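Basically my numbering = 1-based index in the sequence shown + 1135.
Backbone N, C-alpha and C define an ideal beta-carbon position, used for all residues, glycine too.
Keep in mind the model is a prediction, meaning the values are calculated, not measured.
Reading through the structure tokens given below for one structure.
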Amino acid sequence: MSKRSLIAITTILSLASGTVMSAEAVSEAPAPTSFAAELLAILLPLAFIIIGLLLVLRLVRRRHGVTGPDAPLSILQIVPLGPRERLVLVKARSGRVFTVGVSAQSVNFVTELTADDVLVPGKSGTGPR
């Protein structure tokens, strides 16, 4: 192929694709953006990602029912006894409270507590008379 036919083919392809070949290089610099615009361009997608993750977390919690006031079991308090040992107060949905000993090797039932033994947060038994 001759040089003239290559230029003709290149020109036809350029026109067909919607671009025009120019002999001069474009020397325009991009317009400077402000700090606020750059910050917004970073924070806006980040906010969408965080909101999306919170919605997924809420959906998982609702679907599996592991948290909330109607959960089958809830932990009232954890008392550390050593590096790997602790006592855990567990409240059942029925209102019964159990003390469970937890170590690295086992979980053991210690005792069941009465309502007088457990102070419910926000409800004080010794109010003004």
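Member of the options whose CA lies at the smallest distance from the CA of residue i
i	options	result
T1249	I1147, F1233, V1191	F1233
V1253	L1224, L1189, I1213	L1224
P1207	A1227, P1180, L1222	A1227
M1209	P1218, S1229, L1192, V1191	Before going further, note that residue 1209 is Ser rather than Met in the sequence given. When only C-alpha atoms are compared, the closest one is S1229.
S1241	D1251, R1231, L1222	L1222
Three-way DSSP call (helix, strand, coil) for residue i in this model
i	result
G1262	Below a pLDDT of 50, predicted positions are generally treated as unreliable, and G1262, at 45, falls in that range; the measurement from the model is reported next regardless. Coil at G1262, not helix or strand.
G1187	helix
E1247	strand
E1195	According to the sequence as given, residue 1195 is Val; it is not Glu. The answer is helix: DSSP assigns V1195 an H, G or I state.
A1206	coil
Residue(s) in a DSSP beta bridge with residue i
i	result
R1221	P1215, V1237
Checklist entry - When the Cβ atoms of the stretch 1186-1198 are set against those of the stretch 1213-1220, are three or more pairs found closer than 8 Å? => result no
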